[in-house]
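Student: Before we start, here is the structure in question, set down as structure tokens.
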Amino acid sequence: MENDASAVVAAAPHAQGGPHTDPFTPPADSSLWRKDFLIGAATASYQIEGAVNEDGRLPSIWDTYSATPGKVLAGDTGAVACDHYHRWEQDVDLLAGLGLEAYRLSTAWPRVMDEKGAPNRKGLDFYKRLLERLKEKNITTFVTLYHWDLPQHLEDRGGWLNRETAYRFADYADLMSRELHGLVDAWATLNEPWCSAYLGYCVGRHAPGLTNVRFATQAMHHLLLAHALALPVLRANDPRSHKGIVANVGRGTPNSDSAADRRAAELFEIQHNAWVLDPLFKGEYPQDLFELWPRAEPLVLDGDMQKINAPLDFLGINYYFRTNVASDGGAGFTEVPLEGVERTQMGWEVYPDGLRELLIGFKKTYVNLPPIYITENGMASNDQVIDGRVEDTQRISFLKRHLAALDQAIKAGVDVRGYFLWSLMDNFEWAFGYERRFGIVHVDYKTQQRTIKRSGELVSKFLKDRNAQAQ
Ligand code: FCB
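Residue numbering for the sequence shown follows this note's numbering, beginning at 624 and increasing consecutively.
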């Protein structure tokens, strides 16, 4: 790998249009122009940091999983990723230069604690320096404690199938909030417990790669318990910051108007959304889930559900696509891919209406819903640098349409306070490795050169216009 640490390429300036003449800038009446609506970008530790063997970092389940042949496309791993562990100063400059107001990052549990639970100073110092620099640049910080990189030694003792892991997570949250208090504006306990539980334990497409539905429901319960045990710890150690959790949500629509297909779409959303949101906001698992998965109820101890149902300061929502579903002829649903719809490099349908529909639906379903941040939204495309430029036309249009749908939800009364693009830069896209590019900044993995894509330039231009207007 060539070492070119200073290489951030600022693309040549485009012809400057007025604020409403480019293909991105929201219309003048959009809520996105409100200065108090936070706009930022997101990343996650394993996807960008690299340096997996440095400064006392222990192996995580993603090191193990990605080293297993056949699990990740092209055999890619997060060993180097965007080399952010060494290039973090340059990456903070990039964020600040783009005018992004907020940054959502995650901390790597195996970097900051050893097997006995003792702090690893070098790992903690990395996050301390990073967060201090972000604060110097006036960037609002959202820190996720668990974005899937479970220490392998905990997996060796059962991982999320072991109730103990939830208590170890609370210890980790205790350490982080004692060390980093004052530098974090908002803590999220978990990123997308659905992915950890379902993809990791039911279909094996994520680490640890297990395939048993009863494992999935038990892992979900222990993940939610971990969240619940960490909350009071975070509140005690860092009272000023906000505390919440991040859930991925899916829109399911029926393939036909038949009662069976409509029920299938309902079950899809119960499995994707209510499985996580009902425990958090109603204090119970949706019983319909066990119509889909008979005899898969998790073991729940007295008092667990009350703890999981504790009030939150915010809910993070990650939204990407919708799924068209039909009845599978039995008690379940099956996906029926729609023909002729727009899709991204992931094969995911571009469906901005889903974001509005889900947000309005959640507001109706959950009476005690806290303020929402869209903590991830974005798309992958096969972006290439040509003559120093990256023209990611589909992403620009994707973002514009999703921000319009979000504005509609806000105008319909949903309390959404901010929006984070996934992602700041191209990175290790889990089972899809480096092939799928989600960034508003392109990363050349051979040279680690960052190139701001056209979408990044336009987001930046909008933020600068918005700032100028607020002066
Ligand atoms: C989400 C993950 C994030 C990224 C996007 C594309 O499910 O939270 O890390 O991989 O999908």
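We put the beta carbon where it would ideally sit given N, CA and C, even for glycine. Just so it is clear, the structure is predicted and the values come from calculations on it, not from any experiment.
Which class does ASP1088 belong to by DSSP, given the choice of helix, strand or coil?
Tutor: Note: ASP1088 maps to helix in three-state DSSP.
Student: Under the three-state reduction of DSSP, which class applies to SER800: helix, strand or coil?
Tutor: Here SER800 sits in helix by DSSP.
Student: Taking 6 Å as the cut-off, does the CB of ALA704 come closer than this to any heavy atom belonging to ligand 1?
Tutor: No - ligand 1 has no heavy atom lying nearer than 6 Å to the Cβ of ALA704.
Student: Check for me: the alpha helix (DSSP H) holding ALA702 runs from which residue to which?
Tutor: Run containing ALA702: none; DSSP gives neither H nor E here.
Student: Would you mind stating whether LEU728 and THR666 have Cβ atoms separated by less than 7 Å?
Tutor: For LEU728 and THR666, yes; Cβs fall inside 7 Å.
Student: Just to confirm the assignment, what range does the alpha helix (DSSP H) spanning ASP976 have?
Tutor: 976-988 is the extent of the alpha helix (DSSP H) around ASP976.
Student: Could you name the residues of the same chain whose beta carbon sits closer than 6 Å to that of TYR1042, not counting the 5 residues immediately before and after it, in chain order?
Tutor: Cβ neighbours of TYR1042 beyond the five flanking positions: ILE662 and ILE997.
Student: Who are the near neighbours of LEU992 in its chain, counting only those whose CB is closer than 7 Å to its CB and skipping five residues on each side?
Tutor: Answer for LEU992: PHE904, LEU938, PHE985 and LYS986, listed in chain order.
Student: Please classify MET624 as buried or exposed, where buried requires at least 16 neighbouring CB atoms within 10 angstroms.
Tutor: Because the pLDDT of MET624 is 35, which lies under 50, any placement of that residue in the model is unreliable, and the question is left without a value.
Student: Check whether the Cβ atoms of HIS804 and ASP748 lie closer than 7 Å to each other.
Tutor: Cβ atoms of HIS804 and ASP748: not closer than 7 Å.
Student: Only counting the same chain, and skipping five residues up and downstream in sequence, which positions put a Cβ closer than 6 Å to that of TRP916?
Tutor: Excluding positions up to five away in sequence, the list reads VAL836.
Student: With DSSP collapsed to three states, give me the class of ASN871.
Tutor: Looking at ASN871 - three-state DSSP - the assignment turns out to be strand.
Student: Please classify GLU580: is it buried, with 16 or more other beta-carbons within 10 angstroms of its beta-carbon, or exposed?
Tutor: This structure leaves residue 580 out entirely; the chain is present only between 624 and 1094.
Student: TYR1068 lies in the alpha helix (DSSP H); which residues open and close that run?
Tutor: From DSSP, TYR1068 is part of no alpha helix (DSSP H); its letter is neither H nor E.
Student: Below 8 Å, can you find three or more Cβ-Cβ pairs linking the stretch 739-759 to the stretch 688-700?
Tutor: No, the stretch 739-759 is not in contact with the stretch 688-700.
Student: Cβ of GLU815 within 6 Å of any heavy atom in ligand 1?
Tutor: Flag set: Cβ of GLU815 near ligand 1.
Student: Looking only at C-alpha atoms, which of GLU1080, ASP678, ILE671 and THR700 sits nearest to ILE684?
Tutor: Measuring from the Cα of ILE684, the nearest candidate turns out to be THR700.
Student: Please state the DSSP three-state secondary structure of LYS694.
Tutor: LYS694 falls in the coil class under three-state DSSP.
Student: From this set, THR648, VAL735 and PRO902, which residue's C-alpha is nearest ASN932's C-alpha?
Tutor: Closest by alpha carbon: PRO902.
Student: If we call anything under 7 Å between Cβ atoms a contact, is LEU798 one with PRO742?
Tutor: Result yes, Cβ atoms of LEU798 and PRO742 sit closer than 7 Å.
Student: For PRO993, name the three-state secondary structure that DSSP assigns.
Tutor: Coil.
Student: Which one of ALA1032, LYS745, ALA1003 and GLY953 has the shortest CA to CA distance from VAL1064?
Tutor: That would be ALA1003, whose Cα lies nearest to the Cα of VAL1064.
Student: Assess contact between the stretch 751-769 and the stretch 1017-1034, defined as three or more Cβ pairs (one per stretch) separated by less than 8 Å. Is contact present?
Tutor: The stretch 751-769 vs the stretch 1017-1034: no contact.
Student: Nearest CA to the CA of VAL885: which residue from SER1078, GLY952, ARG828 and HIS844?
Tutor: Reading the sequence as shown, one finds Arg at residue 885 and not Val. Out of SER1078, GLY952, ARG828 and HIS844, GLY952 has the C-alpha closest to the C-alpha of ARG885.
Student: Mapping the DSSP letters down to three states, classify HIS865 as helix, strand or coil.
Tutor: Here HIS865 sits in strand by DSSP.
Student: Using alpha carbons as the reference points, say which of LEU655, ASP706 and GLY867 lies closest to GLN1092.
Tutor: Selected option, being the one with the closest Cα: LEU655.
Student: Using the three-state DSSP reduction, which class does PRO650 fall into: helix, strand or coil?
Tutor: Residue state, collapsed to three classes: coil.
Student: Helix, strand or coil: how does DSSP classify ARG1059 here?
Tutor: Coil at ARG1059, not helix or strand.
Student: Exposed or buried, what is GLU738 when buried is set at 16 or more other beta-carbons lying within 10 Å of its beta-carbon?
Tutor: Classification of GLU738: exposed, given that the 10 Å Cβ count is below 16.
Student: Taking 8 Å as the threshold, find out whether the stretch 923-931 comes into contact with the stretch 906-913 through three or more Cβ pairs.
Tutor: The stretch 923-931 is in contact with the stretch 906-913.
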